[in-house]
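Everything below concerns the one structure shown next.
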Amino acid sequence: MGGKPLRGQVIVRGAKNAVAKEMVAALLTAETCLLKNVSNVQDTEIVASMIQAMGGEVSPKGDGVLAIKAAKLHSVHYRELKHIAGKSRIPILFAGPLLARFGEAMLPELGGCGIGERPINFHLDALQKMGATIEMIPKGVHLKAKKLIGAKIHLQFSSVGATEQVLLAGVLAEGVTTLTNAAIEPEILDLIAVLQKMGAIISVDTDRVITITGVKELKAYEHSTIPDRNETVSWACAAAATNGKIKIKNARQTDIMTFLNVFRLVGGEFEVADDGITFFRGAEGLKPITLETGVHPGFMTDWQQPMTILLTQANGTSIIHETVYEERFGYIHALNQMGAKIKLHTECLGGKLCRYSQRGYQHSAIITGPTPLHSANIEVPDLRAGFSYVVAALVANGTSTIGNIGLINRGYENFVEKLLLLGAEVTE
Ligand code: EPU
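If you read the sequence shown in our numbering, its first letter stands for residue -9, the second for the next number, and so on.
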């Protein structure tokens, strides 16, 4: 039931997009690793199940602590891995650790999803440069390498996953790996921190250059994952969109500086304290903006959806140019059914051309606001869009029904409980 401002405090724990990769890093050693601040989201359970299927032990120790021991790993059929992983992108990141441990890895094909094609060519090219042989098999990929060798690798696009792939493969490779045009998201720097604790030698230089000096073996780590900045941004937009006020405990300013600038420009306000950030709508109301998504330190593609909801309530016309995924506006149709005025365009709007120019993808949006939203029956298409539908429903008049909310649980810990704490009227 919408129309009520969200007010109160939510606690944000470990970033889902760091936790999963840090769990995979534990496979690089036979010793027991301790990962702390792990949020209870489905994606973490999926990775735990994959590790367990391979003979690793993942034991919850209470209060967000996971002990991971991969002393006795064995191979598991890649189709079983795919069955456990579902649409998760994580299986391909097992390549490096499995090659280091067994000289071989059979991994499922990942396939596309609702936000774009999401190929794995950068991952495979990098592994090939490091000496792996690659054979495509029905619905999977078979990789072999007696020993991975350091290489010079350049990414066409600063892919998060491919950067993580090179890190996880390079740390135990022979010699030096240099990665240019690397992604440098805070979640990647957190993974590097984990690998460094394990004994890896990795430097992050200016201009997106990462250098990894391979070592012979790695040891256990104990690490507390950085808070989930994508979740923080989602709640921040929910606060301003519903004209409420939410304190996000544990949110870190330095991870979301680009978002904070945009939030301020659109009329949001925030107060930074030692233990978190409080977000609300400024007295002058919400203003339109032109922005484009990009890799860090740009405006993350995962912030585009909650920002869109906010901009439906701003006074004027906004433009968002999505440059990371070709189909990340698939969720707009349902918002228009709720009364939003959003038009999608195949051109690169807002000034700069991106790699989707002239390719026919609807990757720019013109959002005309403010539009009152009304209730609807909608289905969640993907994680970030799903949470944004919830925010749209809280802005809207009347009672909306949102189906397929299981997808939201993949990345937002106890979101229904948190909504209730913030005063929302929600039933599951
Ligand atoms: N790409 C390729 N080839 C590759 C790899 C990527 O063309 O081999 C392209 C992708 O198709 C996309 C772009 O490069 O157009 C960026 O993809 P990237 O590899 O950076 O994304 P990812 O690692 O698959 C992670 C997050 C996403 C987040 C993106 C961008 C995880 C599990 N997923 O995906 O998070 O949007 O980085 O920051 O870390 C989410 O949390 O909802 C989510 C989708």
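Where a beta carbon is used, it is the ideal one built from N, C-alpha and C, also for glycine.
{"query": "According to the Cβ coordinates, are residue 308 and residue 335 closer than 8 Å?", "result": "no"}
{"query": "Where does residue 232 land, buried or exposed, given buried means 16+ other C-beta within 10 angstroms?", "result": "buried"}
{"query": "Verify the contact flag: residue 7, CB atom, against every heavy atom of the ligand EPU, threshold strictly below 7 Å.", "result": "yes"}
{"query": "Measuring CB to CB, does residue 368 end up less than 8 Å from residue 392?", "result": "yes"}
{"query": "Between the alpha carbons of residue 140 and residue 374, how many angstroms are there, rounded?", "result": "36 Å"}
{"query": "What did DSSP end up calling residue 17 once you bin it into helix, strand or coil?", "result": "helix"}
{"query": "Is any heavy atom of the ligand EPU found at a distance shorter than 7 Å from the C-beta of residue 107?", "result": "yes"}
{"query": "How do the region 13 to 28 and the region 243 to 254 stand: do at least 3 beta-carbon pairs fall below 8 Å, yes or no?", "result": "no"}
{"query": "For a minimum of 3 consecutive residues, which ranges assigned as the beta strand (DSSP E) are wholly contained in the region 216 to 300?", "result": "235 to 239, 258 to 263, 266 to 271, 280 to 282"}
{"query": "Indicate whether residue 347 and residue 295 have their beta-carbon atoms separated by less than 8 Å.", "result": "no"}
{"query": "So, for residue 30: in the same chain, excluding its five sequence neighbours on each side, which residues have a beta-carbon less than 6 Å away from its beta-carbon?", "result": "403"}
{"query": "Applying the criterion that 16 or more other CB atoms from any shown protein chain within 10 Å of the CB defines a buried residue, is residue 41 buried or exposed?", "result": "buried"}
{"query": "Might you give, ordered along the chain, the residues of its own chain that have their beta carbon closer than 6 Å to the beta carbon of residue 178, omitting 5 neighbours on each side?", "result": "153"}
{"query": "Might you give, ordered along the chain, the residues of its own chain that have their beta carbon closer than 6 Å to the beta carbon of residue 245, omitting 5 neighbours on each side?", "result": "176, 219"}
{"query": "On the premise that residue 151 lies in contact with residue 71, defined as a C-beta separation below 8 Å, what is that separation, rounded to the nearest angstrom?", "result": "Actually they do not touch by this definition, with Cβ atoms about 16 Å apart."}
{"query": "Flag residue 111 as yes when its Cβ comes closer than 7 Å to any non-hydrogen atom of the ligand EPU, and as no otherwise.", "result": "yes"}
{"query": "Give me the Cβ distance between residue 38 and residue 89, rounded to the nearest whole Å; I'm assuming they're in contact under 8 Å.", "result": "About 22 Å separates the two Cβ atoms, so there is no contact after all."}
{"query": "Do residue 386 and residue 327 come within 8 Å of each other at the CB atom, strictly closer than that value?", "result": "no"}
{"query": "Can you check which of these residues, 109, 130, 275, -2, is closest to residue 146 by C-alpha distance?", "result": "109"}
{"query": "Which word fits residue 53, buried or exposed, when buried means at least 16 other C-beta atoms lie within 10 angstroms of its C-beta?", "result": "exposed"}
{"query": "Identify which residue in 185, 305, 8 has its Cα closest to the Cα of residue 205.", "result": "185"}
{"query": "Would you kindly work out how many angstroms separate the C-alpha atoms of residue 168 and residue 286, rounded to a whole number?", "result": "20 Å"}
{"query": "Please work out which residues of its chain come closer than 6 Å, Cβ to Cβ, to residue 132, disregarding the five sequence neighbours upstream and downstream, and give them in chain order.", "result": "96, 125"}
{"query": "Work out the CA separation of residue 304 and residue 380 for me, nearest whole Å.", "result": "18 Å"}
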